[in-house]
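Read the structure below first, then the notes.
Numbering (the working numbering), first residue to last: -2 to 363.
This is the structure in structure tokens:
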């Protein structure tokens, strides 16, 4: 058969694109996705009416629904225990409002200030210390006038060397809006460092676009991105790729973790997370003691347990994997390190404990 006589086959039409999976934003949506049983819906709807719910596809895919103790679910899936508030818990446990001279700014420490540009997050953590402020029913993204006032406050305080852009999650803003924030901070000569606090690279990796990364680098400041992650499973290949886009652009990353019951409250699990961070070129920075936010007592770990976990990490995991264990003192008095101690006194001299629990005189006795 001649070539021009070959039968014609029309090319197949391309398959329609798969529609993006939605973020789960209600108790009913969680039940439909199989993450909670339907018989719990009435109770969970009461929780969701008080505290915002949002679980991105990247996180819902990680949840093992059949495991009641799944560490990803414990971070994001609401539970009835959240309606049990203890007397010591408070709506503003770290005293943000006490140190807020203008809307959107918290100026607690002399040389740095928080700039809370939005109170929206891609996900809502069940232990969030700002849970009374974030979400659809919480405080709103700064208006142009409020942002002007916040920037004017920062520009008028030459002691502010670092601005920590937070919220909410600032990286949920569009690259255009982030670029505007960075350009305005770039115009403030005494601000030398800008730090972003976010969960976006793990909870919505595809949102970390080249445009977003370029926006972070605007303004000519030293920029750091602090990633909040609590379990090694959160650092999926897609999340690590998102972090690589940030680090490869010349933006160093730090790691922040909250010590949580049933999520990372043993040395092996916490150590796995710290190693996963370091492998992703993220330096572990803080391990936070859980704050006294309403309805979070079921997730808090006693400080003595936290100190024992950190003591086990020391010497057995690389020094790169050692975060500083801190407590944000209630009432707005700032963070203090609360890690285990290794130095003591004995008969007028000093004794130091090694990572195996043995003590040694310092200087050594002859």
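For glycine and all other residues, C-beta sits at the position ideal for the given N, C-alpha and C.
CB contact flag (residue i, residue j, <8 Å)
i, j, result
"residue 232", "residue 273", "yes"
"residue 114", "residue 139", "yes"
"residue 121", "residue 200", "no"
"residue 306", "residue 286", "no"
"residue 250", "residue 278", "yes"
"residue 179", "residue 213", "yes"
"residue 240", "residue 271", "no"
"residue 38", "residue 24", "yes"
"residue 215", "residue 246", "no"
"residue 282", "residue 312", "no"
"residue 220", "residue 262", "no"
"residue 102", "residue 110", "yes"
"residue 74", "residue 33", "yes"
"residue 226", "residue 169", "no"
"residue 325", "residue 288", "yes"
"residue 66", "residue 259", "yes"
"residue 388", "residue 186", "With the chain running from -2 to 363 in the structure shown, residue 388 is simply not present."
Burial state of residue i, where buried means 16 or more other Cβ atoms lie within 10 Å
i, result
"residue -2", "Confidence at residue -2 is low in this model, with a pLDDT of 47, below 50, so its placement is unreliable and no value can be given for it."
"residue 128", "buried"
"residue 48", "buried"
"residue 303", "buried"
"residue 349", "exposed"
"residue 123", "buried"
"residue 228", "buried"
"residue 320", "buried"
"residue 173", "exposed"
"residue 314", "buried"
"residue 83", "exposed"
"residue 194", "buried"
"residue 322", "buried"
"residue 31", "exposed"
"residue 196", "buried"
"residue 142", "exposed"
"residue 202", "buried"
"residue 133", "exposed"
"residue 353", "exposed"
"residue 63", "exposed"
"residue 18", "exposed"
"residue 363", "exposed"
Assumed close pair residue i, residue j - CB separation to whole angstroms, cut-off 8 Å
i, j, result
"residue 52", "residue 21", "4 Å"
"residue 198", "residue 243", "7 Å"
"residue 347", "residue 359", "5 Å"
"residue 183", "residue 137", "With a Cβ gap of about 25 Å, residue 183 and residue 137 do not count as contacting."
"residue 117", "residue 153", "No, residue 117 and residue 153 are not in contact; Cβ-Cβ is about 28 Å, not under 8 Å."
"residue 86", "residue 291", "5 Å"
"residue 296", "residue 268", "Their Cβ separation, rounded to whole angstroms, is 20 Å, which puts residue 296 and residue 268 out of contact at 8 Å."
"residue 308", "residue 337", "4 Å"
"residue 254", "residue 284", "5 Å"
For this session: Mind listing, in chain order, the continuous alpha helix (DSSP H) runs of no fewer than 4 residues lying wholly within the region 50 to 102?
Result: 54 to 57, 68 to 73
Exercise. Do the region 183 to 192 and the region 234 to 243 make contact, defined as three or more Cβ pairs closer than 8 Å?
Worked result: no
Exercise. If we count Cβ pairs, one from each stretch, closer than 8 Å, do we get three or more for the region 78 to 93 versus the region 321 to 340?
Worked result: yes
For this session: List in chain order: all unbroken alpha helix (DSSP H) runs of 4+ residues lying wholly within the region 219 to 249.
Result: 234 to 245
Problem set entry | Start-end ranges of the alpha helix (DSSP H) lying completely within the region 111 to 172, minimum 4 residues | 141 to 152
For this session: Please specify which runs of the alpha helix (DSSP H), each continuous and at least 4 residues long, are wholly inside the region 291 to 316, giving them in chain order.
Result: 300 to 310
Exercise. Curious, which full-length beta strand (DSSP E) runs of at least 3 residues does the region 326 to 362 contain?
Worked result: 332 to 334, 340 to 343, 346 to 350, 356 to 359
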